[in-house]
Structures are given as C-alpha cells and as structure tokens.
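Protein chains: 2
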Amino acid sequence: MEKASGFIAKCRERGLKLTPQRLAIHKILAAKAQHPTINEVYERIKKDYPSLSLNTVYKTLQLFIELGMASQFTTKEGVIRYEIKIQPHHHILCLKCRRINDIFDSSLDKLKVSPPLKGGFEIIRHDVIFYGYCSECKQEGR
Amino acid sequence: MEKASGFIAKCRERGLKLTPQRLAIHKILAAKAQHPTINEVYERIKKDYPSLSLNTVYKTLQLFIELGMASQFTTKEGVIRYEIKIQPHHHILCLKCRRINDIFDSSLDKLKVSPPLKGGFEIIRHDVIFYGYCSECKQEGR
DNA sequence: TTATCATATAGTAAAAATTACTATTTGATA
DNA sequence: TATCAAATAGTAATTTTTACTATATGATAA
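So the protein sequences, as listed, match chains V and A.
Okay, so the first sequence: first residue is 1 according to the numbering used here, each after it adds one.
Okay, so the second sequence: first residue is 1001 according to the numbering used here, each after it adds one.
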C-alpha cells in the first residue's frame, strides 16, 4: 500500500484540489497489486460514496494518467485496467481466473532491441506481459 | 504478405465457409505489418464491398481469434488492434504517429521469469511492447 | 473563521462502440 | 441443380464513453 502523502504533495504542486473522490480513487489504485477496471473502481467506491458519478471516475483516471501518476493497460481480451505508477514492473496474467500480478525483475527492465531489428526507432520504454496459470488454477487442473 | 492458401486450408479443415468477407478480412490482416483497428478493417473493405456489415467484421475477427489465427492487442491509449498470427514476435510503437512495427528477435522470445519472482505461476507465453519514436518522427523533433 | 472564486462533481443527455436478433442469402455438398 | 446449414446484412438494443451544465466544494487570503 503506497502512502497517500506522495499523492497529496503532487496535487498541491499542480494546484489540484484534494477531493474525497480523488483520494478514494487513488487509494483503490494504490492498494497492493490492484489492477481494476473503470467499473471496479466505481463500484467499490460507490459503497461508501453512493453519490459518486461514473463520470468522475473516468475524468479522474484520465487526469491521473496525464499527470503520469497512473497508467492503463489492456489484457488480451480487450479489457482496460488501471494501475498506479510505481517502480518499473511488468505483469503476469492468469488465463483462467484473470488475476494479474506484478513482476519486479530488473533484468526485464533492461531489455534492449538490437539496432538492426528496431528499424530506426528510438526506444523510450517497454512493457512485458506474461500469460499462464496461477498456482491455484494450476492445481484445479485449469 | 502471407499466402491465403494456409487460411483456405484451415477453413476447410474446420468446416468453415469460405466467404468473400472472410477472405477480404484475412487479406487485410495478412498484409505485411498491418495492425488495423476494427474500423480500419471495415472501412478498407467497404470500398470494394459496400454492403459489408460492421457486424460481420466483429464476428469474423472474433472467429479468427477463437481459431487461433489472429490476436488482438491494445495500445497504451486503449485502442484495440488486430493482427494475424504469424511467427512469435513483439511490437514497437511510435508514441507520435502511432505506427506499430513488428520485432522478430529470438532473444525476446526466450524471456523467462525466475521462479521466486513468478509466484507459482506456470507461464505459457509472453508479449513485449516497446514504446519510442520512429525514425521519421525522431527527425521531426517529435 | 468567513467570503470569494475557480475548479470539481453529479446528473443528465448525447455519442460512440459493441452485441443481439432475424429474415434472407450464399457456400458446400451430393 | 437442389438442398441445407451456416453466414450475412440490416436493424435494433445494449453497453461504454464523452459532453454539457448547474450546483457544490476545496483552497486561498482577508
């Protein structure tokens, strides 16, 4: 669970208001190993803030992304998921239960493409996604 | 450009009808380095087959995916793109013009996660996406 | 603590993307 | 060439995302 203090500082820096909605959305994303969809964010917060608007969730997540505080990625099925920006990491997705874990592996962070293969591209960053079966689904024989 | 004959054979095997729509969609995907969105597929074919239904494009692409002949992936912006299944490869995406190139690099195909980091997962496959600027956009100073 | 003001929110509506449904058409087979 | 199941187009329904606006609220400074 990431501290909210960093988030608060960032909002102050940028002159953004610290609303309960933003704090709640940040809290969901910052909880360890969360990769919720828009709707999951909305539904979870709605329990405590029934007046929350889905609109606000959309706009807040977009804001977070613009600020570089969060990012979205999409699974093979085309489901868009969100996560907070933390240290560089990659993902591993269970093909059965759809659970997504983070992988922190510095060797993956260092991947390079040899010049003849990258066709003149200047590479800024990269993501790796592994697909497989988690320990529970593996036992159930899929 | 991939041969259509493989596709035709695959359809016969599975008892699928060889319709002009399917052939056209396959042709678009099979053209070298194409990663079109649903709408791009639809618009391009509509020029020659004005009666084509968007519905058919959706269903055909889903079919191709179920058959393991195509796959979808999504860019950071959440745009879903489709491609034909060819030899294992990865992607490099220009952050400015959104062009997507394929990378064939066997060392990337061999990526592994060390057991302590994969948390019990059994890994089946993986994808790597690089982000950067292509040679043209690089020259334009982004 | 309170007044002020720009920003954020909720609520509604509009637009875009995706899926469902069905009558008709069409490819494959004999 | 006839038959039949499967595929298609067209339409409608549903879902997802975005736009718009009046109201509410966080931040600031008096």
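Glycine is no exception: its CB is placed at the ideal position from the N, C-alpha and C atoms.
*How many angstroms separate the CA atom of V/Leu-54 from the CA atom of V/Arg-22?*
13 Å
*How is the alpha helix (DSSP H) around V/Phe-121 delimited, first residue to last?*
Careful: V/Phe-121 lies outside any alpha helix (DSSP H) and carries neither H nor E.
*In chain V, which residues lie with their C-beta within 9 Å of the C-beta of A/Leu-1029?*
In chain order: nothing, as chain V lies at least about 16 Å away.
*In three-state terms, what does DSSP make of V/Glu-2?*
Its pLDDT being 47, under 50, V/Glu-2 is placed unreliably by the model, and the measurement read from it follows with that caveat. Coil.
_Taking beta-carbon pairs under 8 Å, can you tell me which members of the segment 1110-1124 of chain A lie near chain V?_
Leu-1111, Val-1113, Ser-1114, Leu-1117, Lys-1118, Gly-1119, Gly-1120, Phe-1121, Glu-1122, Ile-1123, Ile-1124
*Given that A/Asn-1101 touches chain V, what residues does it touch there, using C-beta distances under 9 Å?*
Lys-118, Gly-119, Phe-121
*In its own chain, which residues sit with a C-beta less than 6 Å from the C-beta of A/Tyr-1058, not counting the 5 before and 5 after it?*
none
_Quick check: the Cα distance between A/Lys-1027 and V/Ile-28, rounded to an integer number of angstroms?_
44 Å
_Neighbourhood of V/Ile-123 by C-beta distance below 7 Å, restricted to the same chain and skipping five residues each side_ = Val-113
*Going along the chain, which residues of its own chain have a beta-carbon closer than 8 Å to the beta-carbon of A/Pro-1020, five neighbours each way excluded?*
Tyr-1049
_Which residue wins for smallest C-alpha separation from A/Cys-1094, given the options A/Gly-1119, A/Lys-1118, A/Phe-1130?_
A/Phe-1130
_I'd like the ranges of any beta strand (DSSP E) spanning at least 3 consecutive residues and lying wholly in the segment 45-92 of chain V._
70-74, 80-84
*Contact residues within the segment 124-137 of chain V, judged by C-beta distance below 7 Å to chain A*: Ile-124, Arg-125, His-126, Asp-127, Val-128, Ile-129, Phe-130, Tyr-131, Gly-132, Tyr-133, Cys-134, Ser-135
*Using a Cβ cut-off of 8 Å (strictly closer), state whether A/Ile-1092 contacts chain V.*
yes
*Kindly say whether V/Asp-105, judged by its beta-carbon, lies nearer than 8 Å to any beta-carbon of chain A.*
yes
*Apart from the five residues on each side of it in sequence, which residues of its chain come closer than 6 Å, Cβ to Cβ, to A/Ile-1100?*
His-1035, His-1091, Leu-1093
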